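The next block holds one structure in the form of structure tokens; read it before the comments.
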């Protein structure tokens, strides 16, 4: 069984039967999850083929699940950062992932989103206190406009 | 016609070091150099703050800096970022509204395919616009090879969205006939609606050059090459067909393989070198191939000039810039006979020897072998390459593009509705509100968007250009030092005589990036006559000037990032430099001050320029920058002005001490020598006092009057003054007196002694001249600059030398032959401020330092 077979096995083990896993035509090693299964948090216990009982997973508090997810993300981020800092390891990792475009793309997105590689270091404003008086006026107008718009939307929905 | 050009193609990390980045900069530069009577305005995305200075530098002296506009985007719109959907939409609205506000007849995007992996925003007609939109689509390679580029759903939807934007453009341009045919085929756009504007190679850079033996040796040693080489430059994508290049190279005869290397040039290639090495090992040519990684333009041109053969086996190109650049440099070039490459290499002119079938490695090898072994063929390839490359030029492309714009605008004129100005801020708010939904909207998003809008559009009620004078030190405490007198005097002139520009006094704190209006000082200076319409928080608009007039090193050091932001936005930032003594004469200062001063000078050198208070200081600053300054992309401007001397117009401090009358009486009773300046080691107080002790011991009856606060490293000097037997008899020390009191002492004295070993301007000399007070001065450059032949000079640090000078001067004085200070140029503060403003506003700089 080649890499392709292993990946397919793993995907079926993790995400259940084939009906929720679509193989991209023409691409040997890329599978996309369909429909709502495209959301990783729900996918895990959404299918009866999963080995772990749904009830057990459901009983795990959301905060614990988020914690595990966060921890795994942190570990992966550390691994990528380590690889980026070591040219030989980086070259080897790139050689490996070069063969799997979807995996490469996902890892790239992951690394860019966490500021490990590439991208732009955009200056982010998130504190109201850092706004100039004019920006505060704009902020107030913006909030009011959004609220007005949401209200209109709710009213429209009620009417329909 | 006004053409607004979105320059993000030269800004993003994805494009700026690739062909798109070169296309953007070179084409727009050529348009700006010959605008055919039209106005060119560049629009930059402030999110790429590190690229703005480089672009401003590229267009320095080509386009006025005020034609480079920046919109700010303080939120991440990267497509791959999971939270970016709403922000991306908001970013598009902000960008489009900003571009609309520039009121161009044409909005030209050099590349819409941006924003997948970084914070670029591109869109077309998300908002209604009165401008015609022109977009360049370089190729449709992702549509031709979807499995390579579009297998990822995020990539696919991003690309499809961008293609939709291209379709919505009024003018679509591409870079080759081949690309035009493919765009037409894949997007269903009629060929006649797609215009070809060719790429080119910059003829000033890419041309045959004779490379010096040393340069050649150094370059090749760095690349680890010891023999002739065949070269490839470009990316590592699958369609670049590198596997067949390796295979073809391995099929070359043994003689060639033994004598030639294959040089693979490109940043992307280096990243996947290991992967390629495995293939090369299998082919047995691992030792024959060198991966250089990224090379700069200078090295690239040298490599093109030095290679025996340039091979470009790509199966698909939108244009194919590397072979054109190689041909322009006189390299023998072989390339594929597919897509745009025959067009670039000139297949119509029978340039068949230069083309091969990229799917057939045997054919590639055959053509390579022939070119490498047959000198005639190689020379013919070189000759025809240069001729063919000369047919492409950025000037020609820019001219064609502007002509196209002219024609389309002319045809569009009849149906174009009259322009109606609307409020861009309200427009953004209403459009963003309409696309927002409560689920995807977070408060921090609206804060970031509000900050972006406020920094993009000037929200000030009065939008006239303003000069902001930083007075962060004097507003806290007026130490009554020389610098603070200069600050008060210039502020007074700028505030009360605003003929040339509206002035504002501002202050900040080292730990606060914002600037605030120095209302209390303004009220004091203007007598409360000034009325304010804006609030106290300073909002800078493009075109404004910020002048750090006060010396507050920690503020300038901590505001380096703010300075960078302001300069990116189009605000000019200057510093006044009073002297460089802590670096030129560190022995007179404590080490911490010297290192802080060095940091301050580096902060100064990261601004637009410096205004020195004398030519001597300007010369010193130039020397310091040449030795210690950071590498700059635009020249650092340096000028000098001279200080005023009319104390009455420097907002003088007032008050007379009770002890003044007896002192003035003593001064009138015998010749009185005056020293003005803070007590510091460099001021020469110790030498002067010792000289007078000798003079007194020799029976000379004269007064020594020292005016100045206690400074640093002066404990022993202060003790000596306090306990001196001549204290208050013939030695007077007046500490911290007002300007009013100083005037009276000047009037009562016989001669000024300027014994300082280092000064910025020598203000006491000018003030002495104002009172017709003769001068004995140390022969340092700044005193010579100020007083010229109108002072009596001395050298050396020995008290005896100075005592001799005083005696000589007294002899001249008694015979009426001493130099009089009447000829010293005495400016009023009004004239001095005019000099300063002329430098800043008319750009009358004396020096421009590149590095």
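Protein chains in written order, with the working numbering: chain A, 98 to 257; chain B, 20 to 870.
Beta carbons are placed, not taken as given, at the ideal position from N, Cα and C, and that holds for glycine.
Quick caveat: nothing in here was measured; it's all calculated off a predicted structure.
- Listed along chain A is no residue with a C-beta nearer than 9 Å to that of residue 142 of chain B; the closest approach is about 18 Å.
- Assignment of residue 62 of chain B by DSSP, reduced to helix, strand and coil, places it in the strand class.
- For residue 476 of chain B, the three-state secondary structure derived from DSSP is coil.
- In this chain, residue 597 of chain B is not harboured by any beta strand (DSSP E), its DSSP state being neither H nor E.
- Using a Cβ-Cβ cut-off of 7 Å, residue 230 of chain A counts as an interface residue toward chain B, since at least one Cβ of chain B sits closer than that to its own.
- No residue range can be given for residue 145 of chain B, since it is assigned to no alpha helix (DSSP H) and is classified by DSSP as neither H nor E.
- Proximity of chain B to residue 177 of chain A at the Cβ level (cut-off 7 Å) is not reached, the minimal Cβ distance being about 14 Å.
- DSSP, read as helix, strand or coil, puts residue 866 of chain B in strand.
- Chain B has a Cβ within less than 7 Å of the Cβ of residue 246 of chain A.
- Taking each of B/182, B/260, B/346 and B/444 in turn and checking the Cα distance to residue 335 of chain B, the smallest one comes out for B/260.
- The criterion of a C-beta distance shorter than 7 Å is satisfied by residue 663 of chain B and residue 508 of chain B.
- In the structure shown, the three-state DSSP call for residue 214 of chain B is strand.
- The contact set of residue 166 of chain A on chain B, defined by CB atoms closer than 8 Å, is empty, because the minimum CB distance reaches about 13 Å.
- With the criterion set as a beta carbon lying under 8 Å from some beta carbon of chain A, the members of the stretch 286 to 303 of chain B are 290, 291, 292, 293, 294 and 297, in sequence order.
- In this structure, residue 121 of chain B and residue 413 of chain B do not form a Cβ contact; the two beta carbons are roughly 24 Å apart against a cut-off of 8 Å.
- At a cut-off of 7 Å between beta carbons, residue 236 of chain A contacts chain B.
- Closer than 7 Å to the CB of residue 242 of chain A there is at least one CB belonging to chain B.
- Residue 558 of chain B reaches chain A at 229 and 231, counting residues in chain order whose Cβ is nearer than 7 Å.
- Counting only residues of its own chain and dropping the five nearest sequence neighbours on each side, residue 204 of chain A has a CB closer than 8 Å to the CB of 177 and 194.
- When the five nearest sequence neighbours on each side are left out, the beta carbons in the same chain lying within less than 8 Å of the beta carbon of residue 527 of chain B are those of 489, 491, 533, 534, 535, 574 and 578, in order along the chain.
- Between the stretch 796 to 804 of chain B and the stretch 773 to 786 of chain B there are three or more inter-stretch CB-CB distances shorter than 8 Å, so the stretches are counted as touching.
- In this structure, residue 92 of chain B places its C-beta atom within 7 Å of the C-beta atom of residue 471 of chain B.
- In this chain, the alpha helix (DSSP H) harbouring residue 262 of chain B covers 261 to 269.
- If you draw a straight line from the Cα of residue 115 of chain B to the Cα of residue 478 of chain B, it is about 18 Å long.
- Boundaries for residue 39 of chain B: no beta strand (DSSP E) harbours it, while the alpha helix (DSSP H) harbouring it runs 38 to 52, taken from the DSSP string.
- The stretch 400 to 419 of chain B and the stretch 47 to 62 of chain B touch, with three or more beta-carbon pairs separated by less than 8 Å.
- Look at the stretch 468 to 491 of chain B: the residues with a C-beta under 7 Å from a C-beta of chain A are 468, 469, 470, 472, 473 and 478.
- When DSSP reads this structure, residue 786 of chain B sits in no beta bridge, so it has no partner.
- Counting only Cβ-Cβ distances below 8 Å, residue 465 of chain B has contacts in chain A at 236, 239, 240 and 243, in chain order.
- Between residue 289 of chain B and residue 76 of chain B, the alpha-carbon positions lie close to 29 Å from each other.
- Taking 8 Å as the upper bound for CB-CB distance, residue 557 of chain B and residue 487 of chain B are in contact here, some 7 Å apart.
- Closest by C-alpha distance to residue 703 of chain B, out of B/515, B/733 and B/682, is B/733.
- Chain-ordered, the chain A residues with CB closer than 9 Å to the CB of residue 451 of chain B read 239, 242 and 243.
- Within the DSSP secondary-structure output, residue 722 of chain B pairs in a beta bridge with B/691.
- For residue 182 of chain B, the uninterrupted alpha helix (DSSP H) segment begins and ends at 172 to 187.
- Unbroken beta strand (DSSP E) runs of no fewer than 3 residues, entirely contained in the stretch 510 to 560 of chain B, are found at 521 to 528 and 531 to 536, following chain order.
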